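Participant:
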Amino acid sequence: MSIVNVSRRTFAKLSAAASAGLVLGVAHAADPKKKAETSTHGLGTFIQVGTDGAVTIWVTKSDMGQGIRTSLPMIVAEEMDADWSKVKIQQAYFHPKFGRMGTGGSGSIRSMWTPLRQAGASARAMLVSAAAAQLGVAPATLSVSRGVITAADGRKLHFGEVAEAASKVAVPKDVPLKDPKQFTIIGKATPRLDERDIVTGKAGYGADVKVPGMLYAAILRAPVFGGKVKSFDATKANAVPGVKHVVQTNASGTDLPWNGVAVVATSTWAALKGREALEVQWDDGEFATESTATLWQQFTEGIDKATPVETAVGDVDAALAAAAKTVEATYELPYLNHAAMEPLTATAHVKADGTIEVWAPTQFPNWAAGVIGQSFGIKQEEVHDKVRVNVTLLGGAFGRKAMPDFVVEAVQVSKAVGAPVKVQWTREDDMRHGNYRPASYHRVTGGLDANGNLIAWRHRLAGPSIETWMNPKTEKPHQSETGGLDDTPYVVPNFRIDFFSAKSGVPRGWWRSVEHSITGFVVNSFMDEAARAAGKDPIEFQLALLPAGRKAGPAEGPAKDYPMESDRLRRVIELVREKSGWGTKLPDGVGRGFAAQWSFLSYAAQVAEVSVVDGTPKVHRIVCAIDCGIPVNPDGIRAQVEGAIVYGLTAALQGEITIDGGRVQQSNFHDYPLLNITQMPKVEVHIVPSAAIPTGVGEPGLPPTAAAVANAIFAATGKRLRKLPFGTIA
Amino acid sequence: MPDIKLTINGRPRSVEASPDTPLLWVLRDELGLTGTKYGCGMGLCGACTVLANGEPVRSCSTPVADAKGKKITTIEGLSPDGSHPLQKAWMAENVPQCGYCQAGQLMSAAALLQKTKNPTDAEIDEAMAGNLCRCGTYNRVRAAIHRAAGVKA
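Chains as they are written, first to last, in this note's numbering: chain A, 22 to 751; chain B, 79 to 231.
#1: Since L84/B is in the beta strand (DSSP E), which residue starts that stretch and which ends it?
#2: Since I believe F308/A is in contact with G247/A (beta carbons under 8 angstroms), could you give me their beta-carbon distance rounded to a whole number of angstroms?
#3: Suppose contacts are defined by Cβ-Cβ distances below 7 angstroms. Is A736/A in contact with R592/A by that definition?
#4: If we define contact as Cβ-Cβ less than 7 angstroms, is F690/A a contact residue for chain B?
#5: Say whether chain A places a C-beta atom closer than 7 angstroms to the C-beta of A207/B.
#6: Mapping DSSP to helix, strand and coil, what is M585/A?
#7: Rounded C-beta distance between L111/B and I86/B? I'm assuming under 8 angstroms.
#8: Does any residue of chain B bring its CB to less than 7 angstroms from the CB of M85/A?
#9: Taking C-alpha atoms, which residue in I89/A, V183/A and K703/A lies nearest to L137/A?
#10: Got a sec? Which residues, its chain only, sit under 6 angstroms from V513/A by beta carbon, not counting five neighbours each side?
#11: Please list, in chain order, all residues of the same chain as A167/B whose beta carbon is under 6 angstroms from its beta carbon, the five residues on each side excluded.
#12: Taking the Cβ atom as the reference point for each residue, do A523/A and G683/A lie within a distance shorter than 7 angstroms?
#13: For A57/A and E403/A, what's the separation of their Cα atoms in angstroms?
#14: When you compare only the Cα positions, how much space is there between P655/A and E536/A?
#15: Would D609/A be called buried (16 or more neighbouring beta carbons within 10 Å of its own) or exposed?
#16: Do you know how far the Cα of P94/A is from the Cα of V93/B?
#17: In chain order, which continuous runs of the beta strand (DSSP E) of length 3 or greater are located wholly inside the region 695-750 of chain A?
#18: Is H641/A helix, strand or coil by DSSP?
#19: Buried or exposed, going by whether 16 or more other CB atoms sit within 10 Å of the CB of G5/A?
#20: Whole-angstrom Cβ separation of A673/A and K600/A, contact assumed at under 8 angstroms?
#21: S360/A and Y693/A look like a contact to me (Cβ under 8 angstroms); what is the Cβ gap, rounded to whole Å?
#22: Determine the extent of the alpha helix (DSSP H) in which Q686/A is found, giving its start and end residues.
#23: Round the Cβ separation of T332/A and D519/A to the nearest angstrom and send it over; I've been treating them as touching at under 8 angstroms.
#24: Along chain B, in chain order, which residues have C-beta atoms closer than 8 angstroms to that of L415/A?
#25: Output, in chain order, the set of chain B residues within a Cβ distance shorter than 8 angstroms of P262/A.
#26: Can you give the Cα-Cα distance for P715/A and G263/A, rounded to whole angstroms?
#27: Any idea if M79/B is buried or exposed, counting beta-carbon neighbours within 10 angstroms, 16 or more meaning buried?
#28: Could you list the residues in the region 691-706 of chain A with a C-beta less than 9 angstroms from some C-beta on chain B, going in chain order?
#29: Measuring only between beta-carbons, confirm whether D656/A sits less than 7 angstroms from chain B.
#30: Helix, strand or coil for V80/A per DSSP?
#31: Can you tell me whether DSSP reads N259/A as helix, strand or coil?
#32: Beta carbons nearer than 7 angstroms to chain B: which residues of the region 443-465 of chain A have them?
#33: Starting from the C-beta of A145/B, find all residues in its chain whose C-beta is less than 6 angstroms away, skip the five residues before and the five after it, and write them out in chain order.
#34: Where H641/A and G121/B are concerned, what is the direct C-alpha to C-alpha distance, given to the nearest angstrom?
#35: Closer than 6 angstroms by C-beta to S150/A: which residues in its own chain qualify, once you throw out the five before and the five after it? Chain order, please.
#36: With DSSP collapsed to three states, give me the class of G505/A.
Here it is, written out as structure tokens:
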């Protein structure tokens, strides 16, 4: 990673701005594993200090609601001592000059933290150097505040006044970074830079794209997963006023799992009406008999055939045989859909010269571009010259908009009709052609010694994995499902995971917090059961498994610098215990439940207060403590945790995708209901002050929620809920 | 296709559309008023909420023919610059996350405050129950409505 002065090189291509001033790029190391990545010559984020004093930051991450378009610029502005009111953002598009793109895994702040600080500090040093030359003083005698450089004698220069001169200064090496104690922007609750656009309806989402000559398309996709078009009759569709073309779309492996027929028209409504009139004969394929019942039959038959994964510790079977007491429980979790409020959509234009331009709410513009290149015969080294993927705002994504399918499909349609086309998915399309959070079945057997200490944990898990969907030839089908288990922070001397890989034609993908949405529920539910079997307080029971001062984590890979630190997990648990009033009296019928999870390198613990009214769980209050390292934008963190709790609560109470005849049975919000305002608990978020490097925020608030609620229901009613969603409680 | 005359945000507008076209698609595709969002097409999520003579309606399931003769207000008409008390309150509480549903939330809230100057939590819940937000901004929506009501009072 290094900072590069590109004021005179690439800027002309970057923006049409007249006065370039100083432009710095952040060069990242290449990642050879990513397909179609062209990051070898990528500079990543650009920072421009214009001669008008504006500081423009090109954001290479997609904003799906996490406010990254504000928090990344905060990091740059902090080290620059820039005037926050003069900070502007530009959204980067797929191009090697922007380096690695892709937003997921709650990793944006963590991965950009150091490079952006160094870039900001470098820009500041160059501006100071230019000012020093102009003022005829030593750089060390100058101070900087809010974009103004001040000399000891009181003379002042604005950033804009020295931007041009700064562009001729050599980029400093080893520029010092601020002591976090000096931060004035980082750590301050900061409103989003695009908030006014959102509340006035001006913000541009995927569906808001309009390009000259654009047509509108709706696609009828095979209703059965893996199904294909046998034949279609477009006569009636073509008769709908406004319909211009009816063309077939084709699957392309797991990058685009759908075959379908697109109706292309002069308006969205005409396309939808045309689609209603389509007559298609389908070849339903091999998954036409799959149902939730056949899946669960596989799970229940397969769970005892589950085989150990490589992370076993001790001898679980022997320890269970010798245990003073054993506890066993099974847990069931359904398929889930992301259901972002913005249904999938993408606009594509395959131009006469063979270049392709796309506008899409995508988390991974680079992945989409790579697949477009492969699909349309563009050599990998030419993809960046021939494919441009523009990233719009994302109206929610939660992992679904990581997938390239909806982008590539739009390109197919544009190519077929020779015009720019916007493909609009309906809610039904979005519900039935997702990449679902996998369903899974768990049988956990725990052993307690005579003192009630947990000495053995055997975790049998059956389910279709994300890994087997993405990579059917994988030798490690479990590896997408065991986060929260194979890296468990709890010290249990005998611990083993057995996995049974079930077969399913249902596409699977990353759903907010991925497997932690599953293991957070199962592990914390079982902990509660084991604690009660041991006659212990559930929080004390977990703390006893977290010896103070322990650090654990991978020896290599990007996470090696962020070991699990038991003290930090203990701290959030102790904080939530204190803030929730754990152990104090509650009204009759209300119970408290506790859960904690280390995920995405952050630490979260929650206590829920729940009662059951006429069979319906009523969640009154959820208190969360989170340690995500240095809090960059505390209000953004609170918002993300609030949102993660709502997302997790929706899954806990009412989220379920079921399959019949190889197709999803749910279609819209009447049968896949989202939590609404009347169901909201009071939510309190407590952020642990920290000097550690910032870690994940978007996802870690979710994993504890379902178990905290289930454990609270047990405390309130004595009923143990082991199946999600809870639905109505008998 | 028939020429349909509408009044949108105080301006007379004329569109060519079949009468069964949902108002939503006329606003978005024909008039370029893309602040109003498509979410479900069945009046289940509220993302498409606009005001018709001050009443909140789901434009995704309102045929454009039904909008004739009514004063339609969209998010662009609430205020163009974010100066409406609700928009200010929305920013003060940092309500939006992805922001996609917020135009609908704001229009439902605007209809509520026109009738009920200082709504209780229960009144807010009743008025806003049909506006879904997958990002989970509900508690901030409630706080922002209270804040805007306080400004207006």
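Every residue, glycine too, gets a C-beta built ideally from N, C-alpha and C. All of these numbers come straight from a predicted model, not from anything done at the bench.
Facilitator: Taking the coordinates as given:
#1: D81 to I86
#2: 5 angstroms
#3: no
#4: yes
#5: yes
#6: strand
#7: 7 angstroms
#8: yes
#9: I89/A
#10: L475 and W478
#11: A222, R225 and A226
#12: no
#13: Residue confidence is low: A57/A scores 32 on pLDDT, short of 50, so the model does not pin down where it sits. Its coordinate-derived value is still stated next. Roughly 10 angstroms separates the two Cα atoms.
#14: 26 angstroms
#15: exposed
#16: 42 angstroms
#17: 703-708
#18: strand
#19: The shown model of chain A, from 22 to 751, leaves out residue 5/A, and the question about it has no answer.
#20: 21 angstroms between Cβ atoms; not a contact.
#21: According to the sequence provided, residue 360/A is Ala. The question's Ser does not apply to it. That belief holds up - the Cβ atoms of A360/A and Y693/A are roughly 6 angstroms apart, short of 8 angstroms.
#22: Segment: none, Q686/A is in no alpha helix (DSSP H) and carries neither H nor E.
#23: At roughly 11 angstroms, the Cβ-Cβ gap does not stay under 8 angstroms, so T332/A and D519/A are not in contact.
#24: C176
#25: M79 and S96
#26: 52 angstroms
#27: exposed
#28: H691, P694, L695, L696, N697, I698, T699, Q700, M701, P702, K703 and V704
#29: yes
#30: strand
#31: helix
#32: T447 and R448
#33: L84 and L101
#34: 28 angstroms
#35: P160 and V190
#36: coil
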